[in-house]
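Taking it in order: structure first as structure tokens, then the write-up.
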Amino acid sequence: VYQDRGGVLWVGTENAGLNVLNFLQEQFARYMHRPGDPHSLTPGRVKAIYEDPNGVLWVGLFPRALDRINRNTGQITHYVPKQDDERSLGEGTNVNSIVKDAAGYLWVGGGGSGLVRLDQRTGRFKHYRHHPDDPNSLISDNVYTIYGDRNGQIWVGQVGGLSRFDPAMDGFINYRPVPDNPASLANTIWVIDQDRSGALWLGTWGGAL
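Residues 19 to 227 (the working numbering) make up the sequence shown, in order.
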């Protein structure tokens, strides 16, 4: 469930597309997949909903797909994995987190796919994955959440810890659990939020906050 800046409620479903509730009109509208219609929503389970600063709505799905909805025209643009094409969305199981940064790049995370960054000017994706020999790569290719803080920094919650993107190195500063330290991060970062003091709060699959 996602509420946009205009107060409209967007509800992603398992097999009934994307439901839209406008409280002023007190009625639902719906975006659905229609077989044979390439301009309808991609089929699948809605896993992520995000409105960017320009009012464009982005939808992440399982099986892995990313849809861009122009709310003024209703036009839907599809981004899907293309085998052996590193400029495409890339292989993986789903899209479960979407964030746009201050530079205008769209960041997309999902299971088995690491992190991808879309440059909308070129329509090309850049891929960031875990590489065992690179300490500044992602901790894991299983990304669960992406968060843009008030300073414009991008944080990535994943299996095994937390990563912060460093534009200067085009890589990541990683925060991993400390073995045998119960005060350390739990294994998987599921959700990230920031309070008014600027502190980040991490909700974990392991049950720790």
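All residues carry an ideal CB built from backbone N, CA and C; glycine is no exception.
{"query": "From which residue to which residue does the beta strand (DSSP E) around residue 258 run?", "result": "As displayed, the chain neither begins before 19 nor continues past 227, which places residue 258 out of reach and without an answer."}
{"query": "Could you pull out every residue in the same chain whose Cβ sits closer than 6 Å to the Cβ of residue 63, ignoring the five residues on either side in sequence?", "result": "32 and 80"}
{"query": "Given a cut-off of 8 Å, decide if residue 175 and residue 125 are closer than it, judged by their beta-carbon atoms.", "result": "no"}
{"query": "Judging by CA-CA distance, which residue of 88, 57, 22 and 68 is the nearest neighbour of residue 164?", "result": "68"}
{"query": "In this structure, how does DSSP classify residue 129 when only helix, strand and coil are distinguished?", "result": "coil"}
{"query": "Based on Cα-Cα distance, which residue from 187, 92, 78 and 167 lies nearest to residue 110?", "result": "78"}
{"query": "The beta strand (DSSP E) spanning residue 76 covers which residue range?", "result": "75 to 80"}
{"query": "Just mark residue 127 as buried or exposed, buried being the case when its beta carbon has 16 or more other beta carbons within 10 Å.", "result": "buried"}
{"query": "By how many angstroms is the C-alpha of residue 37 removed from the C-alpha of residue 19?", "result": "9 Å"}
{"query": "Return the bridge partner residues of residue 65 from the DSSP annotation.", "result": "Paired residues: none, contrary to the question."}
{"query": "Looking only at its chain, what residues have a beta carbon closer than 6 Å to the beta carbon of residue 22, apart from the 5 residues adjacent to it on each side?", "result": "69"}
{"query": "Just checking my contact of residue 48 with residue 35 at CB under 8 Å: how many whole Å lie between their CB atoms?", "result": "6 Å"}
{"query": "Compute the Euclidean distance between the alpha carbons of residue 95 and residue 66, then round it to the nearest angstrom.", "result": "16 Å"}
{"query": "Please identify the residue among 194, 152 and 212 whose C-alpha is closest to the C-alpha of residue 187.", "result": "152"}
{"query": "Considering only their Cβ atoms, is the gap separating residue 84 from residue 107 smaller than 8 Å?", "result": "yes"}
{"query": "If you count every other CB in all the chains shown that lies within 10 Å of the CB of residue 143, and 16 or more means buried, which is it?", "result": "buried"}
{"query": "Throw me the rounded Cβ distance for the residue 166 and residue 205 pair, which I believe falls under 8 Å.", "result": "With a Cβ gap of about 24 Å, residue 166 and residue 205 do not count as contacting."}
{"query": "For residue 113, tell me which candidate among 119, 122 and 131 has the shortest Cα-Cα distance.", "result": "131"}
{"query": "Quick check on the burial criterion: 16 or more other C-beta atoms within 10 angstroms. Buried or exposed for residue 54?", "result": "exposed"}
{"query": "Among all the DSSP beta bridges, which residues are the ones paired with residue 145?", "result": "134"}
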